[in-house]
Structures are given as C-alpha cells and as structure tokens.
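Residue numbers (this note's numbering), protein chains in the order written: chain A, 1 to 799; chain B, 800 to 1002.
Okay, here's the thing in structure tokens:
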C-alpha cells in the first residue's frame, strides 16, 4: 500500500525525489537536502508563530493569509531543481479534473526550458506549497500563467540560470541559451552547464520578478500544444489515487448522522442502540453534529442507519410552489448597486417601447458523482488531513478552530476528489473526518452517503431576476435596468468561518453574519464579478467606462437575503443565472425591434473581443440571419426547429464566449432535443488546446443538464432531491448534440479563466432557440417538457 | 464460521441471482434482500460470519466476513482495490461497476455472497498503465475524462456492452450507456472512445 504520507504530487516523481521525501516525512527542507535541490525553507519557528498569534487575538490569521505559507514573492517557493536535473514545481492551484496540472507542467517546462517529462508538480499541501487561496472561479489560468506566481517564478529562474551560466562558462549571458535543462553557448554547444551543476549548493534566493521576460507564444514548443494528461493512464486503469483511495495504517471508518429536518436541534442520542454491534468504536456528538466510528466501513453504514436519535421539531420551509414570490418579499435584505447612471427611469419614460420580463433560476447542486470523502488523522495536538478541498490553507485555519489546535500543527494535503464544480461536500466531510478522528485518536475515513451529499450541501443559489429596458423608435436600446433577488447562507469557510459549511455549523460555529443594508450605496468601484451588469451597457463607474457595451443609461441592483439552505459557489456562480436573464432578455428586445439577434447584439457591443466571439460563432454556425421567431411555415408539422445565440464577457473581462444552439421541439409533448452547439471561446493565449476544448465540451453539456433538468426540490421540512432519481442529471446515454468548439487564440493578451465560460451561455442560447422555434419564451430553468409544452400551447398559432 | 452477535443471515431470502441471467448490459444482480434494519432486529439477532472465497482479477482470496456486505466494500476495503468506487450506494450511477463473468455489475448493491466463486474483474484487472486493454487505450488516446472518477463505470459498462454487442450502432451504444453518469459531462469524448475501442476490439 502506498504510504499516504508521501508528498502530494499529482504525478510520479523521480525516484531520488520520492525516496528523499519518504525519508524526510513531512519536511520539505529534508526533501531538498536529500535531493541536493535548492529551496528556501519557509517554516516559521513555533515561537514566532505563537508571538504573531498573541498579537492577533481575533484569530490566528485575522482573516488574511497565514504568516507561514511559502511567500509567493520568492522564486524558491515555486520551484526547486534537484541534483538529477528534475524540476519540482509547487503550486497552490489544484487539478480538479480540468487539466490544470498538465497545463502548469507545460508552463514550467516551457519557461524553464526543460523537457515536460522532467517536471514534477506538487499540488496544494500546506507543508510545501504557497497559499494561493482557493482553486476556483476560473482563476488558476490568470493567476499562474501571467507575470506573477508560477510563471513569474519560472521566468525569473531562467534568467538567473543564464546569469549563473554566464559566470560559470565565462560567456556573456546574451550569447547563451537555455535548452533541455542546460545553459549552452549559442556558438559552441559543447560549452555548457546543466541546471543541476549551476545550482548545487545554492538556492535561488530571488524575488519573483514580474518584469522577467516570458517566452513569447510564438516560440513555445511545449505550452500551447495539445499534450495529453499524464494522469489519464492511471485514471483509465483504475490505479489513480483519489482522496477516496487514501488508506492510512490503523485507519477506522466513520459515518455521520445529519438532522432529521432543516433547522432541527438534537434532543438525544442513544449510544446503546449501536454499541453492541460488531466493530463499534464510538458515537461522537458535538452540539448538532453526530458521527460514529467503526472498524469497517459497512459496519459504520449499518450503525448510522440503526442509531436512535431524537430531534426537535423544525420550522416549516417556505413552500416551493411560491418560493420565488417569497424571495421577492423577504426581509432583511442586503442591497448592492453595481452600476447606476441615475437616469434610467427618465430614459425609460421617454422610450418608444418599454419591455419588462422576470426570469427564475432554481437552487442547483454540485452533485459530484462520488460522494465527498476525506481522511483525517488527529492525534494529540497535531492533525493531518487528506482532503479534496479547494482551499488547503482555508481548511488548515478553520480545522484549527474546529479542533482547537494551533494552525501550524495542522497539515492539509490535497487529494483529488470526484469533480466538484465548486464548493461541494469536500470541506464539510473533511471536518466530519477530523472531528471523528480527534474523538477516537486514530485516523478516520468518512465518505458521505448519497443522501447526505445532496441534502446537506452549499447549493448554487436560486435567483429571481427582473429585466426592464427601453427601445427608441429605431429599435435601439436606450436604457437597461436589472434587479435581482438571491438567498445566501454560509459560503467557503475562508480563514475564519468553519460555520460557513454544514459540519462547522452543526458543531456550533456560526456562518458569516448576514449584514443587512438598504438602500444600497452608490457604486464607487467597478466589478462585474457576478455578471450582474449586462454586457451591453457602458458600465460607467468612477469616471470611466468599464463595460462591454454601448448603452449609457444603466442600473444593476442586487438584493441578497437569508437562505434556508446553505449556499456557495457552483460553477459560474451568479454569472450563469444573471447571464441566463440578460441574454434571454436581449433576445426579447431583438424580437421586439424585429432585428436579427446577432446583428442586434453587435449593434450594442463595444468590446472588440466580444464582437469577435459573436462573429466567429455566427460564422462557424452558418447563422441564419433573420429576426426571431422563425416563420412557422418553414417547420414540419408537430416539430418546431430553431436557433439561438448567447454571449458573455465572463466576470466582465475574465474570458469571452458565444454560443449558437440549434434545437427542435416536439410540440405535442414539449420534448426538446438539442441538435447542434457551436461555441467559441477566447481565454487569452491558449495553454493547451485539447484541454480547453475538453472544458468547453464539458461546460456545454453540464450547462444543458442544468438548463434542462436540474433543480433542488423540498417539502415542508427536507430537501427531497436526494439521489439520481430525484435530481435529474443527463446520463451518458442522452441524445448528445453535435458540439463544435472554435478556439480564438490571443497570444498578445493576458491569460484568462476558461473553466466556467462556456457553461455560462448555455441556458440562454437554448432558451433563445426555443423562442425562435416556437415563439414561446421560457423564463424559468429548468426547461422541462411540461413548461415548454405549456408555453408553446398558450400561443395563438400553436400546433 | 465465527458466531457474532449481530444480524441473522436471512435464510429464507431471495436466491442469489446469477449475473448471467440478468440483462446483458447493466446488471443487476440483486441481491439478497437485507433483513429489515429494525433496531430490535439489530440488537437481538445473531449472524454467521462466513468464510468466503472471492476470485478477483484471477486471484483467489479467502475472507471471513458478513456475507451480506456489498461487494464494493470488500473490494475497496479488504482487498485495497482503487478502481471500483462508491458513488451513490444505490446502483444509480455506475461508479462501483465490476465485471462478474463478463457482465457489468454494480458492486454497491451486490452482496458479496452472491458472487463467491465467480470470476470478478475490476478495471485494474482489465489492463495496466504499461499494458492497457484496447478500451482503456482508446480512452487514453481520446483523453476521455475530466476528474476521471466515473471512468471505472464508464469503461467497464462499455466493455461488457461491446463484448455482447460487437456490432452495435452509435445509437445502440448510447442507449447501452444510458444508466451511467459522468457529472463532468465528458460524454462526447467518452462515446468517441467507445467507438474507437469497438473498431479496435473487432480486429
């Protein structure tokens, strides 16, 4: 069995490195010594850490980055060169299944001029890797592929190696070249020195220099190429180690028992109901947290089913049928103005036509195919956990609070879990395992049941969105007003809120407090992180235009309110919901103006990258230029066919995408079939075209599943979408549309996000295509056959 | 046989079904109905631990365990195999799939006693990194995964289906995969990989 205390490398490392790490246990310093690699040791002494903690009684980190993470400004925090010439890179951005490890290895190989195979990547381990916050929000590509962090460290190191080579070979640096892990003379390749020769006995001891020259994309030989993922073979042969596969000597198995209803409090637990069962170790109770530990996993499952627990009655949940009205009327609220030109009402009053529409998006869940799992080993005042968390440093800080340990005594090692798409059960199950392990003083593995995974997670939030706009006599938009209502509770735990996820709350910690605020203050700085601002307005804040569009009269106002369910980021959080409303509404405006939806969009866009993705998509789709809906005479009886377009400037400037969907609707049943999807993406310079394509394809189909079927449901007391029969994910066997991906490479631009861009436009592209086909506008996700049939039947010309 | 204070073996329960008789593609050997998990039942009954013989990836293992334990737990916990994974525990997603006499069986709802002595193959037993089975090779070549957690069920379900229907059309393959979930939605590549494997396996 593999010793899980080996480092958190995603891919096999060189034998020398691996042996050295095994010898060294947890110590990166020892690893470096053993291999002859050069690295700064970043561990802070216990006394200093204590002193810092004493200065900051509010919390060990006071909400900021912990003081003892490898400093991001130091080259040695990011890379080490071993005596065998291997390069080990340390990253705070994880592989969540999106190919990010492969792309980062390509980056290191490219910038450091070493073969791809010689790069070893250590991913997210608080004993070794820098704190880069969470791996989320399409931030890995921008964070590590521009001029700071990993890319900057590699470029700085290459320049330093050239300088070291110059000294060693006594040749001016400009006459040297870095190739294949060596510094060579351009004129006489026999004059050379290997990196290992150059750095032995020294560390880089350099600040990351953001001005260090990056290799231009035109010279790339590794980055930008469609390299296959090195982890693919292990995954396809079943040998890859997921968090679920971590096994530690003496490990026990835990299960949790969640409350009987949302908001119920624990009254009593009868240990005797299970204490006689074989393998019983312990029942653990901490406020409303209940777990138990057994010797074997199946024993634990049966004990969890058999444990006698009584809970207090819980208040009724709001009725799902009237939930959207409930959202609109609930108090207290927290109001935020994203843009406000203060002339919207006036401009609308003077408009030739004013159009209003309301859109609805349900709570949806991450629904990882494998329920969340973690292993924790808490003994005495020290803890080690193997967790699929998106933020190891956040886990470390909040686990320390949960377990009442010092943060520097907690080590969090990332292990890949089942695809998470955001804040799934990874953090909460890590707390589960840690609480149980602490109670029994032995390592404990916990994997949630399907029901607990689905009923008790931080859902992607529900949204009600009002759109209002005015057209002038020529059919141009003169003003746009957006207002949304969205419930929130909890979130990522960050450094100080274990109560932001379920287990922390059950164990007695409060989620981050809701801070009511109404009315909203005027915006002073621009952020379109949520895509609450439509792409077609100028986004004027602080004296400058920041938006992607031309409409000067603009207002975007959001209302947050307290959710009954935990909420948190789900792939393209808020951006997807807001874009669904904006892009469907844009289509409604185009239809009212009797304009072609592509032409109408281009007429109101100013950002050249947005214009390019829209044009590229329309061209690749062979777009049928005409207003929507499609004249009915052209359709076969009983079947309506149509096409729709949608586009987004993700988070305003973090990637650009446009999509054309071609669909057909069986009018008698409302059955929707998506026949073809054309999607374009501009994510800056393309780091791995095959990986980017894979992300786009996956985003399209996941977006379809969310648009067509996914919805969290509940009754008076409990979530009722608790398995794959009650939560509707499109299976592998559904009628998969033809997908064509158009990649727009922008080597001259900064790297942007790519993982959440294509999914953001799916619901609106399909909704617009349904309108084109049937004349019916579906303003509520999911687009069930019943909803489509009802909307299409209401039309005067239906059937 | 060790006598332990626990649930009684359900002597009158359904006969263990033979995977051979189940539907060609998706399994479902179900599986002895567990005795009702009443609290009194748990406290007051005794159960026989059984010495069972399991033949996994060509190797025979003798194990002393509760015979109603789902096969998945035995494979991943007692035998330390990584490929079969707990996804739902309800036979709905496919992550736990193994081949039993060549049939795709959902090991999370298959009690271990119903498969003793039968040939069980897990994804690790199909091929290795150095010597992958043609269907594994096809998935590697098509880069047909994102997180890869579901790959076990996808590949083994496809393998069993192709063995049974070597000449299946694209549409039939799609239908054959209709009870497997991939939440990263790598569908396009996976279906392409299965098509590639079909051609390769026909040679």
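Even for Gly, the Cβ is constructed at its ideal location relative to N, Cα and C.
Could you give the first and the last residue of the continuous alpha helix (DSSP H) run that contains residue i?
{"i": "residue 584(A)", "result": "575 to 592"}
{"i": "residue 923(B)", "result": "922 to 925"}
{"i": "residue 960(B)", "result": "950 to 963"}
{"i": "residue 700(A)", "result": "689 to 708"}
{"i": "residue 768(A)", "result": "762 to 774"}
{"i": "residue 600(A)", "result": "597 to 603"}
{"i": "residue 793(A)", "result": "785 to 793"}
{"i": "residue 195(A)", "result": "195 to 199"}
{"i": "residue 373(A)", "result": "Not the alpha helix (DSSP H): residue 373(A) falls in the beta strand (DSSP E), residues 373 to 379."}
Going by the DSSP bridge assignment, what does residue i pair with across the sheet?
{"i": "residue 308(A)", "result": "270(A)"}
{"i": "residue 255(A)", "result": "292(A)"}
{"i": "residue 114(A)", "result": "BP columns for residue 114(A) are empty, so no partner."}
{"i": "residue 90(A)", "result": "122(A)"}
{"i": "residue 905(B)", "result": "896(B)"}
{"i": "residue 623(A)", "result": "None, per the DSSP bridge assignment."}
{"i": "residue 422(A)", "result": "570(A)"}
{"i": "residue 800(A)", "result": "For chain A, the structure presents residues 1 to 799; residue 800(A) sits outside this window and is missing."}
{"i": "residue 714(A)", "result": "719(A)"}
Find the nearest neighbour of residue i within the set the options, judged by alpha-carbon distance.
{"i": "residue 443(A)", "options": "472(A), 252(A), 467(A), 325(A)", "result": "252(A)"}
{"i": "residue 582(A)", "options": "173(A), 356(A), 784(A)", "result": "356(A)"}
{"i": "residue 199(A)", "options": "214(A), 396(A), 166(A)", "result": "166(A)"}
{"i": "residue 721(A)", "options": "352(A), 323(A), 282(A), 363(A)", "result": "363(A)"}
{"i": "residue 578(A)", "options": "639(A), 464(A), 679(A)", "result": "464(A)"}
{"i": "residue 445(A)", "options": "474(A), 318(A), 376(A), 557(A)", "result": "376(A)"}
{"i": "residue 500(A)", "options": "448(A), 425(A), 88(A)", "result": "425(A)"}
{"i": "residue 378(A)", "options": "366(A), 435(A), 656(A), 543(A)", "result": "435(A)"}
{"i": "residue 489(A)", "options": "515(A), 475(A), 476(A)", "result": "515(A)"}
{"i": "residue 956(B)", "options": "991(B), 947(B), 943(B), 901(B)", "result": "901(B)"}
{"i": "residue 792(A)", "options": "669(A), 271(A), 391(A)", "result": "669(A)"}
{"i": "residue 335(A)", "options": "105(A), 780(A), 558(A)", "result": "558(A)"}
Please report the distance separating the alpha-carbon of residue i from that of residue j.
{"i": "residue 147(A)", "j": "residue 746(A)", "result": "16 angstroms"}
{"i": "residue 349(A)", "j": "residue 340(A)", "result": "16 angstroms"}
{"i": "residue 245(A)", "j": "residue 601(A)", "result": "49 angstroms"}
{"i": "residue 321(A)", "j": "residue 629(A)", "result": "30 angstroms"}
{"i": "residue 259(A)", "j": "residue 268(A)", "result": "12 angstroms"}
{"i": "residue 788(A)", "j": "residue 68(A)", "result": "56 angstroms"}
{"i": "residue 555(A)", "j": "residue 758(A)", "result": "26 angstroms"}
{"i": "residue 503(A)", "j": "residue 432(A)", "result": "6 angstroms"}
{"i": "residue 461(A)", "j": "residue 420(A)", "result": "16 angstroms"}
{"i": "residue 771(A)", "j": "residue 778(A)", "result": "8 angstroms"}
{"i": "residue 714(A)", "j": "residue 950(B)", "result": "31 angstroms"}
{"i": "residue 893(B)", "j": "residue 386(A)", "result": "25 angstroms"}
{"i": "residue 574(A)", "j": "residue 137(A)", "result": "11 angstroms"}
What residue range does the beta strand (DSSP E) around residue i cover?
{"i": "residue 485(A)", "result": "477 to 488"}
{"i": "residue 861(B)", "result": "858 to 864"}
{"i": "residue 645(A)", "result": "639 to 649"}
{"i": "residue 811(A)", "result": "The shown model of chain A, from 1 to 799, leaves out residue 811(A), and the question about it has no answer."}
{"i": "residue 384(A)", "result": "382 to 387"}
Give me, in chain order, the residues of the same chain whose beta-carbon lies closer than 8 angstroms to that of residue i; leave out the 5 immediate sequence neighbours on both sides.
{"i": "residue 315(A)", "result": "263"}
{"i": "residue 859(B)", "result": "852, 853"}
{"i": "residue 873(B)", "result": "853, 862, 864, 911"}
{"i": "residue 220(A)", "result": "110"}
{"i": "residue 709(A)", "result": "728, 729, 730, 782, 784"}
{"i": "residue 855(B)", "result": "874, 878, 880, 919, 920, 921, 924"}
I'd like the list of long-range same chain contacts for residue i, defined as Cβ closer than 7 angstroms, with 5 residues on each side in sequence excluded.
{"i": "residue 879(B)", "result": "none"}
{"i": "residue 814(A)", "result": "The displayed coordinates of chain A run from 1 to 799. Any statement about residue 814(A) would go beyond what the structure contains."}
{"i": "residue 58(A)", "result": "Confidence is the limiting factor: at residue 58(A) the pLDDT is only 33, short of 50, which leaves the residue's position unreliable and the question unanswerable from this model."}
Using C-beta distances below 6 angstroms, list every residue in its chain close to residue i, excluding the 5 sequence neighbours before and after it, in chain order.
{"i": "residue 354(A)", "result": "348, 470"}
{"i": "residue 693(A)", "result": "741"}
{"i": "residue 671(A)", "result": "785"}
{"i": "residue 63(A)", "result": "Here residue 63(A) scores only 40 on pLDDT, less than 50, and its place in the model should not be relied on; the value that follows carries that caveat. If we look at residue 63(A) and ignore the five residues flanking it on each side, its Cβ neighbours are 495, 496."}
{"i": "residue 625(A)", "result": "596"}
With 8 angstroms as the threshold, decide whether the Cβ of residue i is near any Cβ in chain C.
{"i": "residue 687(A)", "result": "You won't find chain C in this structure, because its protein chains are A and B."}
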